[in-house]
Amino acid sequence: MTRTSEEEQQFQSLTLRDLCVIATLGVGGFGRVELVRLGEDNSKTYALKQLKKHHIVETRQQEH
């Protein structure tokens, strides 16, 4: 799927406050994946991967 320039502009200005967490999809050693939606728009959902920065730095995984 190709994004339009309008969609790209919308995503560039997003902050975490713009997202609403619906559910947790998975949890692992480096973090978790949440199912989120953009504000009150129920028509689209996204997966948000959250990583533990200190764990990545400790295991020297920055390059990956």
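Straight run, no breaks: the sequence shown in the working numbering ends on number 61. We put the CB at the ideal spot given by N, CA and C, even for glycine.
Simplified DSSP state of residue i, which is helix, strand or coil
i, result
"Lys64", "Because the chain here runs from -2 to 61, residue 64 falls outside it and cannot be looked at."
"Lys49", "coil"
"Arg29", "strand"
"Arg34", "strand"
Check whether residue i and residue j have beta carbons under 8 Å apart
i, j, result
"Thr21", "Glu37", "no"
"Gly23", "Gln47", "no"
"Thr1", "Ile19", "no"
"Val54", "Leu45", "no"
Pairwise C-alpha distance: residue j and residue i
i, j, result
"Glu3", "Cys17", "21 Å"
"Gly26", "Leu13", "22 Å"
"Gln7", "His51", "30 Å"
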